[in-house]
Amino acid sequence: MNITYRCPQCDRSVRVELSGGVVVCPACRAQIEPPPSAWRDGELERCLVCPSGELYVRKDFPQRWGLAIIVVGFLLSSVAWAYHRSLLSLGILIATALLDALLYWLVGDVVACYRCHAEYRGVAGRGRIRPFDLAVHERFRRQAARQTLSAKQ
Ligand SMILES: [Zn+2]
Ligand SMILES: [Zn+2]
Numbered sequence: 018m019n020i021t022y023r024c025p026q027c028d029r030s031v032r033v034e035l036s037g038g039v040v041v042c043p044a045c046r047a048q049i050e051p052p053p054s055a056w057r058d059g060e061l062e063r064c065l066v067c068p069s070g071e072l073y074v075r076k077d078f079p080q081r082w083g084l085a086i087i088v089v090g091f092l093l094s095s096v097a098w099a100y101h102r103s104l105l106s107l108g109i110l111i112a113t114a115l116l117d118a119l120l121y122w123l124v125g126d127v128v129a130c131y132r133c134h135a136e137y138r139g140v141a142g143r144g145r146i147r148p149f150d151l152a153v154h155e156r157f158r159r160q161a162a163r164q165t166l167s168a169k170q
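Right under this line is the structure:
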């Protein structure tokens with residue numbers, strides 16, 4: 018399992034392979050020691066980087082790739098259309114959609130934290146973690162905005 022997170026000590030985005038119980042920043046060696054309650058029956062119970070227990074699971078889909086495939090497919094299809102190859106044009110669009118779906122199906126899951134945006138890959142047993150919920154995300158976003166505001170005052 019590895020974690021991608023923003024180190025609270027040096028503020029850098031780092032990625033660590035987790036072997037023991039302690040998360041060590043590869044940039045500044047700052048340690049985060051999650052409590053044993055972070056795990057239950059070998060399943061992730063809460064975020065290891067921050068104390069939040071709100072995690073979600075999403076597809077580890079590189080958004081830029083997905084977009085690039087669609088844009089390229091659309092351009093090729095437009096070129097075919099301009100040359101009056103309507104069947105080819107349609108074929109390219111369908112192939113693009115299929116490729117997109119295939120890629121989505123092939124990629125693994127990533128578990129992420131609403132609060133600190135840490136990402137966990139290769140997490141064993143994520144049965145209890147629910148998919149992304151916009152309402153929870155909004156709640157944390159507002160909370161973070163309030164904190165930034167009060168920190169400025
Ligand atoms: Zn650090
Ligand atoms: Zn977190």
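Just so you know, we're using our numbering here: the sequence shown kicks off at 18 and counts up by one. Even glycine gets a Cβ: it sits at the ideal position worked out from N, Cα and C. Model, not experiment: these values are computed from the prediction.
Proximity test, Gly114 beta-carbon vs ligand 1 heavy atom, cut-off 7 angstroms: Stepping through the sequence shown from its first residue, residue 114 is reached at position 97. The question names Gly, but residue 114 is Ala in the sequence shown. No, Cβ of Ala114 sits at least 7 angstroms from all heavy atoms of ligand 1.
Nearest neighbour of Cys67, chosen from Ala118, Met18, Gln170 and Val39 [CA to CA]: Indexing the sequence shown from 1 puts residue 67 at position 50. Checking every option, the nearest Cα to that of Cys67 belongs to Val39.
Val31 Cβ short of 7 angstroms to ligand 1 heavy atom set: Here residue 31 is taken as the residue at index 14 of the sequence shown, counted from 1. At least one heavy atom of ligand 1 is nearer than 7 angstroms to the Cβ of Val31, so yes.
Anticipated Cβ contact below 8 angstroms, Val127 with Arg75, distance rounded: Within the sequence shown, numbered from 1, the residue matching residue 127 stands at position 110. Within the sequence shown, numbered from 1, the residue matching residue 75 stands at position 58. Rounded, the Cβ-Cβ distance is 6 angstroms, consistent with contact.
Ala55 beta carbon less than 8 angstroms from that of Cys24: For the purposes of this step, residue 24 is taken as residue 7 along the sequence shown, with counting starting at 1. For the purposes of this step, residue 55 is taken as residue 38 along the sequence shown, with counting starting at 1. For Cys24 and Ala55, no; Cβs fall outside 8 angstroms.
With 16 other Cβ atoms within 10 Å as the buried cut-off, status of Cys45: Residue 45 sits at position 28 when you count from the first residue of the sequence shown. Classification for Cys45: exposed.
Gln164 beta carbon near ligand 1 (any heavy atom closer than 7 angstroms): Translated into the one-based positions of the sequence shown, residue 164 becomes position 147. For ligand 1, not one heavy atom lies less than 7 angstroms from the Cβ of Gln164.
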